[in-house]
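Engineer: Read left to right, the sequence shown gives residues 1 to 862 (UniProt numbering).
Ideal Cβ placement from N, Cα and C applies to all residues, glycine included.
Only a predicted model underlies this, so the values are computations on that prediction, with no experimental measurement involved.
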Amino acid sequence: MSQRTSHISIRGMSCANCSQTVSEAVGSLDGVTEANVNYATDEGSVTYDPERVSLSEIFDAIEDAGYAPVTESTTVAITDMSCANCSETVQEALEATAGVVAADVNYATDEAQVTYNPAEASMDAFYDAVEQAGYSPVRESEGADGASDGDARETARQDEIRRQLRLTLFGAVLSLPLLVFMADHLLGLGLVGDEVFGVSAGWVAFALATPVQIVLGRPFYENAYRALVRNRRANMDVLIALGSSTAYIYSVAVLLNVVAGEVYFDTAAFILVFITLGNYLEARSKGQAGEALRALLEMEADTATLLEDDGTEREVPLDEVEVGDRLKVRPGEQIPTDGVVKEGQSAVDESMVTGESVPVEKSAGDEVVGSTINENGVLVVEATKVGSDTALQQIVQTVKEAQSRQPDIQNLADRISAYFVPAVIANALLWSVVWFLFPETLAGFVDALPLWGLVAGGPAVAGGTVSVFEFAVVVFASAVLIACPCALGLATPAATMVGTTLGAQNGVLFKGGDVLERAKDVDTVVFDKTGTLTTGEMELTDVVALDDTKEKTATDGGRLTARERLGEDDVLRLAASAERGSEHPLAQAIVDGATARGVDVTDPETFENVPGQGVVATVDGEEVLVGNRTLLRENGIDPDSALETMERLEREGKTAMLVAHAGAVVGVVANADTVKPSAADAVRQLRERGIDVTLLTGDNERTARAVAEAVGIDPENVRAEVLPEDKSDAVEAIQAEGKRAMMVGDGVNDAPALAVAYVGTALGSGTDVAIEAADVTLMRGDPVDVVKAVRISEATLAKIKQNLVWALGYNTAMVPLASLGLLQPVLAAGAMAISSVSVLSNSLLFRRYTPDHDYELLGRLR
């Protein structure tokens with residue numbers, strides 16, 4: 001039994017009991033022989049049998065116990081992959097590498113996303129694993145002059161395109177004379193005799209085809225050998241090597257008089273030329289599919305204007321900017337990195353991040369995103385995030401991870417591809433043997449086909465000019481070549497790559513291809529209220545004192561006592577002073593409103609936040625409560641005297657809060673949160689699609705219903721006064737009815753609900769928290785983008801199905817034709833190459849789609 005020991009860093013442990021909990025959780029896994037966790041060092045050591053339990057399962061056990069194992073993610077670019085079987089081979093090699101938690105390899109992007117334990121794994125280990133699997137990783141050092149990893153990948157991609165073009169041109173030059181031989185043979189033109197310049201035509205064909213076989217065929221033969229011998233699986237290269245070498249070896253045998261028949265050197269050469277041409281077109285198409293994402297990265301600024309402490313300015317490379325640096329941004333310049341405006345006022349074009357074309361006004365205190373454009377005015381920005389932590393880099397990384405996580409529909413394609421190649425070889429052998437053993441039985445059928453001479457390249461076996469063995473060889477080569485599963489392997493990842501990039505361009509970030517697939521099945525959308533359907537910018541609107549006689553009997557050094565009758569300013573001062581210890585938007589609105597009215601606000605002597613109810617504080621030596629009915633009742637205070645006022649304000653769509661002082665209700669304060677202009681349109685569009693819309697909020701029933709009425713949500717679908725910890729239960733209750741719910745919230749307070757929802761969607765500004773908390777992040781914070789997310793999901797899955805129908809339909813139609821001897825091998829090779837390019841081209845057409853409208857299944861865009 002092989003044993004492996006992993007050292008794991010763990011976050012979130014606060015005591016020895018925590019380390020014991022983690023030890024027990026990991027130690028209970030089948031295959032783990034020893035688990036030791038040290039609270040003092042925040043590390044654990046696990047000894048396990050990798051054949052019985054994976055590192056991924058160990059990390060999952062730690063997370064299930066409530067703690068966070070430290071992982072890192074990286075991207076490895078890979079060349080030489082020719083089909084989905086290749087990507088599966090590389091993925092298995094990476095997953096078997098010590099320290100790798102998860103690996104996803106995408107054939108369409110030629111990249112692997114690797115999540116790993118940084119204490120145990122390294123980039124060199126990943127490169128070695130890829131090489132041992134028989135493929136070529138792009139090492140960072142391959143970038144010229146210390147170029148970045150992205151530069152190295154782009155260089156490798158361009159090198160591969162140029163290499164495939166050179167091979168294609170080399171093969172085409174040598175194969176063009178063979179085309180004359182083929183045309184003369186097929187059409188009986190008599191252009192070429194038995195000899196060419198005194199040399200046998202057969203030997204001339206051999207001389208032209210052999211370099212093609214060696215130069216163009218070498219990569220396929222090497223990859224086929226590695227696939228069969230090292231990895232013990234058959235891939236596309238095996239089929240190409242079999243088809244081409246069959247035609248070439250048979251022709252050599254004819255030339256040496258070992259067997260009788262025609263030579264097929266032209267076929268052997270053109271098979272490789274067509275396949276290589278297909279690889280060239282495929283490489284170009286893959287590059288075009290990723291252009292949008294690369295263009296996004298290229299928009300990053302190269303330099304920044306650094307403001308020194310003495311006020312001088314200095315231009316520095318972007319990678320020298322550090323958190324806390326003050327940067328000057330002139331009109332028309334890119335904001336170098338994420339930050340906060342310290343001085344100045346301007347409009348900023350954030351379309352490259354949010355997809356919104358209207359510039360956003362920015363002033364002191366506002367956050368800005370790196371690489372966005374400063375339209376007018378000079379800004380001084382303090383850097384808050386640099387390098388890979390910026391929103392732009394996070395967006396790109398999220399899209400790449402999404403492209404590596406394939407939809408479930410890809411599993412079907414992968415399963416088919418895994419068995420397809422062996423099945424193709426078996427089918428080709430079967431029919432070649434059938435033709436060899438029973439030629440006369442099938443000859444009548446073949447002779448009855450008038451296009452045989454044109455399509456297959458010669459008279460049928462029954463005509464007597466083609467030997468039985470020769471015909472069996474032709475059938476074998478054609479049946480092998482026509483059925484390569486390249487198009488099938490590209491169908492899903494190519495469309496997913498375009499779909500996720502399209503989403504990013506429109507401010508919709510999908511966390512994975514699986515999420516992209518699920519979003520289309522959503523039948524219920526659950527909206528949080530504050531900050532989601534409303535702006536979340538609360539303003540103080542009302543202050544009501546229950547007894548406004550302003551009669552004061554100040555005692556105890558001038559401080560108000562319970563015997564006093566308080567006016568509006570007094571009620572507001574008590575409420576604002578109590579709320580000064582809170583960071584809640586409602587509390588901030590009260591404090592700001594009091595300050596704006598000139599009311600003197602002091603810090604509370606004691607403060608307690610009661611989640612979902614309000615606050616309890618001590619002001620001027622007396623207890624002050626600000627919150628809802630439940631808060632007062634649980635503290636022994638009867639709120640009935642204020643209920644009529646409170647209900648009136650709530651009917652107006654305001655959030656009303658009771659103010660109690662020294663054991664009695666003294667007033668009511670109310671805030672208003674305006675509904676987002678697009679909220680009603682978003683709800684309307686969702687309902688038109690047959691999607692139920694629910695409002696889930698911690699606010700009171702009347703305010704919630706007022707907002708629901710304003711945006712068009714059915715009052716029966718309003719769930720109010722829900723505590724943050726109960727929101728996840730509410731979403732689970734909806735899904736227990738058999739519904740597939742999309743929870744839409746701010747990505748922080750609603751995190752538990754986002755986690756349990758069928759699709760969790762966060763509205764945010766692209767921060768780390770928003771991106772990590774949900775399956776989908778809407779960069780603009782616009783409710784209408786929920787509809788866009790559903791549309792992009794539906795459109796991507798429609799494109800995947802188009803690709804799969806083409807790929808499967810192509811094989812379904814062509815394999816029988818080749819098996820029955822109705823297709824020349826060279827035509828089979830050309831058709832196979834065209835099928836892959838067609839799937840990629842169909843996916844590239846998807847780039848023209850805009851999610852402002854539904855996507856039509858047949859690909860016609862509105």
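#1: Mind checking whether T777 and A762 have CB atoms under 8 Å apart?
#2: Are there any heavy atoms of the ligand MG lying less than 7 Å away from the beta-carbon of E92, as far as the coordinates show?
#3: If you draw a straight line from the C-alpha of N717 to the C-alpha of M742, how long is it?
#4: Report yes or no: do three or more beta-carbon pairs, one from the segment 698-709 and one from the segment 519-532, lie closer than 8 Å?
#5: What would DSSP say about G66, mapped onto helix, strand or coil?
#6: If you reduce the DSSP assignment to three classes, tell me which class M13 lands in.
#7: Hey, M814 and I482 are a contact pair by Cβ (cut 8 Å); roughly how many whole angstroms apart?
#8: Can we say the segment 784-804 touches the segment 509-520, given the rule of at least three CB pairs closer than 8 Å?
#9: Report yes if the C-beta distance between L239 and V424 is below 8 Å; otherwise report no.
#10: With burial defined as no fewer than 16 other Cβ atoms inside 10 Å of the residue's Cβ, what is the status of residue 867: buried or exposed?
#11: Would you mind sorting V229 into buried or exposed? The rule is 16 or more other CB atoms within 10 Å of its CB.
#12: Alpha carbon to alpha carbon, how far is D729 from L696?
#13: Which complete beta strand (DSSP E) runs does the segment 482-528 hold, if anything under 3 residues is left out?
#14: Just list the alpha helix (DSSP H) runs in the segment 301-377, keeping only unbroken ones of 4 residues or longer that don't cross its boundaries, in chain order.
#15: Tell me which same chain residues have a C-beta within less than 7 Å of the C-beta of V263, skipping the five on either side of it?
#16: Assuming V731 contacts A757 (C-beta within less than 8 Å), just tell me the rounded distance between them.
#17: Assign S641 to one of three DSSP states: helix, strand, or coil.
#18: Looking at the structure shown, is M646 part of a helix, part of a strand, or coil, going by DSSP?
#19: Give the straight-line distance between the Cα atoms of G558 and D620, rounded to the nearest whole angstrom.
#20: Pick helix, strand or coil for K727, following the three-state DSSP scheme.
#21: From what residue to what residue does the alpha helix (DSSP H) around L625 run?
#22: Using DSSP bridges, identify the partner residues of F607.
#23: In the DSSP assignment, the alpha helix (DSSP H) including E120 goes from what residue to what residue?
#24: For T47, which three-state DSSP category applies?
#25: Looking only at its own chain, which residues have a Cβ that is under 7 Å from the Cβ of S14, when we skip the five neighbours before and after it?
#26: With DSSP collapsed to three states, give me the class of T276.
#27: If you follow the alpha helix (DSSP H) that K799 is part of, which residue opens it and which one closes it?
#28: DSSP three-state call for S6: helix, strand or coil?
#29: If you follow the beta strand (DSSP E) that A102 is part of, which residue opens it and which one closes it?
#30: For a quick check, are the C-beta atoms of S136 and I78 less than 8 Å apart?
#31: Who pairs with S678 in a beta bridge, going by DSSP?
#32: What is the DSSP secondary structure of K552, counted as helix, strand or coil?
#33: Sorted by chain position, which residues of the same chain lie with C-beta nearer than 7 Å to residue 873's C-beta, five sequence neighbours on each side aside?
#34: Classify D389 as helix, strand or coil using the three-state DSSP reduction.
#35: As a quick exercise: from Y849, V659, W806, pick the residue whose alpha carbon is nearest that of D542.
#36: Looking only at its chain, what residues have a beta carbon closer than 6 Å to the beta carbon of S843, apart from the 5 residues adjacent to it on each side?
Structural biologist: Quick answer:
#1: Closer than 8 Å, so yes.
#2: In terms of ligand content, the structure shown is empty, and the ligand MG therefore cannot be addressed.
#3: Spanning the two alpha carbons is a distance of roughly 14 Å.
#4: Below 8 Å, enough C-beta pairs join the segment 698-709 and the segment 519-532 to call them touching: three or more.
#5: Coil, per DSSP.
#6: In the structure shown, the three-state DSSP call for M13 is coil.
#7: About 5 Å separates the CB atoms of M814 and I482; that is less than 8 Å, so the two are in contact.
#8: Touching, yes.
#9: Contact flag set, yes.
#10: The question about residue 867 has no answer here: the residues shown for the chain are numbered 1 through 862.
#11: Exposed, by the Cβ-count rule.
#12: The straight-line gap from Cα to Cα measures roughly 11 Å.
#13: Those beta strand (DSSP E) runs which fall completely within the segment 482-528 and span 3+ residues are 508-510, 524-528.
#14: Within the segment 301-377, the complete alpha helix (DSSP H) runs of at least 4 residues are 351-354.
#15: Cβ within range, chain order: G202, A205, S251, V254, L255.
#16: V731 to A757, Cβ: 5 Å. Contact.
#17: Under the three-state reduction of DSSP output, S641 falls in the helix class.
#18: The three-state reading of DSSP puts M646 in helix, counting H, G and I together.
#19: Residue placement at G558 is flagged as unreliable, the pLDDT there being 37, under the threshold of 50; the coordinate-derived value follows with that caveat. Each residue's alpha carbon lies about 10 Å from the other.
#20: Helix at K727.
#21: Element bounds for L625: not the alpha helix (DSSP H) but the beta strand (DSSP E), 622-627.
#22: F607 is bridged to A617.
#23: DSSP places E120 outside any alpha helix (DSSP H), giving it a letter other than H or E.
#24: If DSSP states are grouped into helix, strand and coil, T47 belongs with the strands.
#25: Correct list: empty, nothing qualifies.
#26: Reduced to three states, the DSSP call for T276 is helix.
#27: That run of the alpha helix (DSSP H) goes 784-819.
#28: DSSP places S6 in the strand class (E or B) of the three-state scheme.
#29: Residues 100-106.
#30: Yes, the pair counts as a contact, with Cβ atoms nearer than the cut-off.
#31: Under DSSP, S678 shares a beta bridge with no residue.
#32: Caution is warranted here: a pLDDT of 38 is assigned to K552, below 50, making its placement in the model unreliable, and no coordinate value can be reported.
#33: What is shown of the chain runs 1 to 862, which leaves residue 873 out entirely.
#34: Collapsing the DSSP output to three states places D389 in a helix.
#35: A check of alpha carbon separations from D542 across Y849, V659, W806 identifies V659 as the nearest.
#36: Listed in chain order, the non-local C-beta contacts of S843 below 6 Å within the same chain comprise A494, A495, V498, local neighbours out to five positions each way being set aside.
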